[in-house]
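Colleague: Those letters in the sequence shown? Residues 1 to 486, by our numbering.
Let me give you the structure first, and then I'll get to my questions.
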Amino acid sequence: MKRERKLMILSGVLVVCAAGAVVLSRMDFEEKMTGTETVIVDADSSDITYLAWNYEDDRMAFEKEDGKWTYESDGKMSVDQDLLDEIAENLSSIVSDKKVEEVQSMGVYGLSDPAYEITIKTADDTWEIAVGDETFSDGEVYISNGDGYVYLTDAGLTDYIAYTLLDCVRKEEIPEMESISEVCVTKEDTVDMVYQEDAGYCYSDAYTYYLKDGDEYRNLDNADAEDTFRTLSEFSWNECVDYYADEGELKSYGLEEPDATVSITYRPAEEESEDSDGEEETSAEDDGTDAAEEQEFEYEVGTADNGYYAKLVDSDIVYSISEDVYQAAVHASYEKLKPDEVILLDWDSVESIGVELDGNVYTVDVEKDGDDGYVYTMDGEEIGFDSAIEQLEAVTVAEDSAEEAEEGQSVPEETPDGKGRKSELKLTFYRNTEDYKTVELEFFQYDGSYCISSLNGEEVNYTDRSPVADLKEDINSAILDRSSQD
1 MKRERKLMIL
11 SGVLVVCAAG
21 AVVLSRMDFE
31 EKMTGTETVI
41 VDADSSDITY
51 LAWNYEDDRM
61 AFEKEDGKWT
71 YESDGKMSVD
81 QDLLDEIAEN
91 LSSIVSDKKV
101 EEVQSMGVYG
111 LSDPAYEITI
121 KTADDTWEIA
131 VGDETFSDGE
141 VYISNGDGYV
151 YLTDAGLTDY
161 IAYTLLDCVR
171 KEEIPEMESI
181 SEVCVTKEDT
191 VDMVYQEDAG
201 YCYSDAYTYY
211 LKDGDEYRNL
221 DNADAEDTFR
231 TLSEFSWNEC
241 VDYYADEGEL
251 KSYGLEEPDA
261 TVSITYRPAE
271 EESEDSDGEE
281 ETSAEDDGTD
291 AAEEQEFEYE
301 VGTADNGYYA
311 KLVDSDIVYS
321 ISEDVYQAAV
331 HASYEKLKPD
341 EVILLDWDSV
351 ESIGVELDGN
361 VYTVDVEKDG
371 DDGYVYTMDG
381 EEIGFDSAIE
391 QLEAVTVAED
401 SAEEAEEGQS
411 VPEETPDGKG
421 RKSELKLTFY
431 RNTEDYKTVE
441 LEFFQYDGSY
451 CISSLNGEEV
461 NYTDRSPVAD
471 LKEDINSAIL
481 DRSSQD
């Protein structure tokens, strides 16, 4: 046992000694360096016609002809011209400030099996550069150019080639959009959403987003629809994963048969320019001319192996995208985006409210009182109806219902216990508008947890029973208070 322990200790000492020998050897070599400045590469970047390097697992080469870079191995790749020009500019001048003249072993400097190899060509010259280890200090790396010497240059050289092949693909542009009028998500159940102010498509102009179904429009929740518009239009490609995907390769990204196709109708953002005084101005004229015409941006989304992908329609380039973009597209639906509130009214437009409760019918007149207040009266006598209005505005669509209301569903004829449907409360709002002069909201019994609301006999939603019960109580209290005063 003691013998084994001694052997382990001796082995550790041997490793330390070997490492120390390498350090001392390199230090000995570095003592033989000269401070000679040597130009390794000196070219006009515009004259560079060939670049090749390795990074991570990729070895790539690019040729430039007639001012355009192409991928040497596959001309179908769309190359990021600006990036290649930048790399050419960075590699056009490489200077060493130290030189090892007595090189005994390239391996000492990491140059027998270099981490990077760079090739630069012009019409007249070729430079082959191997990049080895970093120095112990000074932030430099060892390089060689095949002349038998070892040079030191700034370690930033490796940053200039820190690009994989897919980093060099020209990513297609996602346009900047000044405004969006329509987002159509084509899938098993196509969802066509439009944005329009003061459209008159429903009883309330407070709504600006609508689901379009032929000639009919259904109002959507403003906040949720706006968030969907923003998610589907204001995103970026995460990274390029395939610069030319054929049909077989599209399957591996879930894009052979996309889960959804997103089509956005938009007006592009106006470009800014500088006038003669150096001040920014937009390209739009100040004489009242129309802004740019609407354009269309289309892309497809899919998923595979827990990844999320997209490509432009009629494009072969595939990108990874965030899960948020994918989910916003595939889950877009009326049920997902319908309003949270059961009713949204401009109370300035309401002149009276018809109330049907427990077999009785009442009429509440509404008059504006100042900027934000209202006076409610019955038979000419003022009543405290504010609490009932506040409670009405608090009644929302149930997040979790026993049975989700399907699009276009009518109020069930029977409740789950087999009894006929029964109206618990009906409110009719009489208004001073040209359209939708009356708006009807009715609540029906369903079960112990839920009621069903019906707006104008068309929009059906499940609501929690508790806030509806509170609304009935507030209405009853206002009426009873009046009766007690009589």
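Ideal Cβ positions, reconstructed from N, Cα and C, are used throughout, including at glycine.
Give me the Cβ distance between residue 544 and residue 317, rounded to the nearest whole Å; I'm assuming they're in contact under 8 Å.
Modeller: The question about residue 544 has no answer, for the chain in this structure spans 1 to 486.
Colleague: I'd like to confirm the pairing. Which residues does DSSP put opposite residue 295 in its beta bridges?
Modeller: In the sequence shown, counting from the first residue as 1, residue 295 sits at position 295. Per DSSP, 266.
Colleague: For residue 23, which three-state DSSP category applies?
Modeller: Working through the sequence shown from its first residue, we reach residue 23 at position 23. Only weak support is given to the placement of residue 23: the predicted model assigns it a pLDDT of 42, under 50, and the value that follows is read from those uncertain coordinates. Of the three classes helix, strand and coil, the one that applies to residue 23 here is helix, per DSSP.
Colleague: Within the segment 112-199, note down every full beta strand (DSSP E) run reaching 3 residues or more, in order along the chain.
Modeller: 116-121, 126-134, 140-144, 150-154, 177-186 and 191-195
Colleague: Using 8 Å as the cut-off, can you tell me whether the segment 93-105 makes contact with the segment 55-73, which would need three or more C-beta pairs spanning the two stretches below that distance?
Modeller: no
Colleague: According to DSSP, what are the bridge partners of residue 38?
Modeller: Taking the sequence shown and counting its residues from 1, the one referred to as residue 38 is at position 38. Paired residues: 96.
Colleague: Since residue 325 is in the alpha helix (DSSP H), which residue starts that stretch and which ends it?
Modeller: Here residue 325 corresponds to residue number 325 of the sequence shown, with the count starting at 1. Start and end: 323-330.
Colleague: Drop a sphere of 10 angstroms on the beta-carbon of residue 140, count the other beta-carbons inside from all chains shown, and report buried for 16 or more, exposed for fewer.
Modeller: Taking the sequence shown and counting its residues from 1, one reaches residue 140 at position 140. Its Cβ being crowded by 16 or more others within 10 Å, residue 140 is buried.
Colleague: Less than 8 Å between the CB atoms is what I'm expecting for residue 161 and residue 153, so what's the real figure, rounded?
Modeller: Within the sequence shown, the letter at position 161 stands for residue 161. Within the sequence shown, the letter at position 153 stands for residue 153. The Cβ separation is near 13 Å, so there is no contact.
Colleague: Between the alpha carbons of residue 368 and residue 427, how many angstroms are there, rounded?
Modeller: Translated into positions along the sequence shown, residue 368 becomes position 368. Translated into positions along the sequence shown, residue 427 becomes position 427. So the alpha carbons of these two residues sit roughly 19 Å apart.
Colleague: Give me the Cα-Cα distance between residue 22 and residue 157, rounded to the nearest whole angstrom.
Modeller: For the purposes of this step, residue 22 is taken as residue 22 along the sequence shown, with counting starting at 1. For the purposes of this step, residue 157 is taken as residue 157 along the sequence shown, with counting starting at 1. Confidence is the limiting factor: at residue 22 the pLDDT is only 42, short of 50, which leaves the residue's position unreliable, though a coordinate-based value still follows. If you take the alpha carbons of residue 22 and residue 157, they lie about 25 Å apart.
Colleague: Report buried or exposed for residue 36, applying the criterion of at least 16 other Cβ atoms within 10 angstroms of its Cβ.
Modeller: Indexing the sequence shown from 1 puts residue 36 at position 36. By the neighbour-count rule (16 or more Cβ atoms within 10 Å), residue 36 is not buried but exposed.
Colleague: Just to confirm, are residue 439 and residue 451 a CB contact at a threshold of 8 Å?
Modeller: The residue labelled residue 439 in the question sits at position 439 within the sequence shown. The residue labelled residue 451 in the question sits at position 451 within the sequence shown. Cβ atoms of residue 439 and residue 451: not closer than 8 Å.
Colleague: Let me check understanding here. Comparing Cα to Cα, which of 244, 159, 95 and 381 lies closest to residue 74?
Modeller: Residue numbering aside, residue 74 sits at position 74 when the sequence shown is read from its first letter. The shortest Cα separation from residue 74 among 244, 159, 95 and 381 belongs to 244.
Colleague: For residue 228, write down the residues that DSSP places opposite it in a beta bridge.
Modeller: Indexing the sequence shown from 1 puts residue 228 at position 228. In DSSP, residue 228 forms no bridge with anything.
Colleague: Give the straight-line distance between the Cα atoms of residue 52 and residue 100, rounded to the nearest whole angstrom.
Modeller: One-based indexing of the sequence shown puts residue 52 at position 52. One-based indexing of the sequence shown puts residue 100 at position 100. Rounded to whole angstroms, residue 52 to residue 100 spans 26 Å at the Cα level.
Colleague: For a test of the three-state rule: what should DSSP assign to residue 59, helix, strand or coil?
Modeller: As a first step, residue 59 is located in the sequence shown; it is residue number 59 there, counting from the start. Three-state result, residue 59: strand.
Colleague: If you draw a straight line from the C-alpha of residue 27 to the C-alpha of residue 33, how long is it?
Modeller: The residue given as residue 27 occupies position 27 in the sequence shown. The residue given as residue 33 occupies position 33 in the sequence shown. Its pLDDT being 48, under 50, residue 27 is placed unreliably in this model, and the value from its coordinates should be taken loosely. Linking residue 27 to residue 33 through their CA atoms gives a straight-line distance of about 10 Å.
Colleague: In terms of residue numbering, what span does the alpha helix (DSSP H) encompassing residue 435 cover?
Modeller: Within the sequence shown, the letter at position 435 stands for residue 435. Premise fails: residue 435 is in no alpha helix (DSSP H) and is neither H nor E.
Colleague: Here's a check: name, in chain order, each residue in its chain whose Cβ is nearer than 6 Å to the Cβ of residue 346, leaving out the five neighbours to either side.
Modeller: Walking along the sequence shown from the start, residue 346 turns up at place 346. Correct list: empty, nothing qualifies.
Colleague: Between which residues of its own chain and residue 302 is the CB-CB distance below 6 Å, once the five residues before and five after are set aside?
Modeller: As a working note, residue 302 is residue 302 in the sequence shown. Answer for residue 302: 253, 254, 255, 258, 259 and 309, listed in chain order.
Colleague: With a 10 Å radius around its C-beta and 16 neighbouring C-beta atoms as the bar for buried, classify residue 176 as buried or exposed.
Modeller: For the purposes of this step, residue 176 is identified with residue 176 of the sequence shown, where counting begins at 1. Counting Cβ neighbours within 10 Å, residue 176 comes out exposed, since fewer than 16 surround it.
Colleague: Check each candidate in 399, 441, 365 and 470 and name the one with the smallest Cα separation from residue 432.
Modeller: Taking the sequence shown and counting its residues from 1, the one referred to as residue 432 is at position 432. Residue 432 has its Cα closest to that of 365, out of 399, 441, 365 and 470.
Colleague: Rounded to the nearest angstrom, what separates residue 223 and residue 206 at their Cα positions?
Modeller: Looking up residue 223 in the sequence shown gives position 223. Looking up residue 206 in the sequence shown gives position 206. When rounded, the separation of the alpha-carbon atoms in residue 223 and residue 206 is 12 Å.
Colleague: Could you give the first and the last residue of the continuous beta strand (DSSP E) run that contains residue 32?
Modeller: As a position in the sequence shown, residue 32 is number 32, starting the count at 1. Neither: residue 32 is in no beta strand (DSSP E) and is coded neither H nor E.
Colleague: Hey, how far is the Cα of residue 475 from the Cα of residue 312?
Modeller: As a first step, residue 475 is located in the sequence shown; it is residue number 475 there, counting from the start. As a first step, residue 312 is located in the sequence shown; it is residue number 312 there, counting from the start. Cα to Cα, residue 475 sits roughly 55 Å from residue 312.
Colleague: Leaving aside the five residues before and after residue 470 along the sequence, list all residues of the same chain whose C-beta is less than 6 Å from its C-beta, in chain order.
Modeller: Indexing the sequence shown from 1 puts residue 470 at position 470. Result list for residue 470: 391, in chain order.
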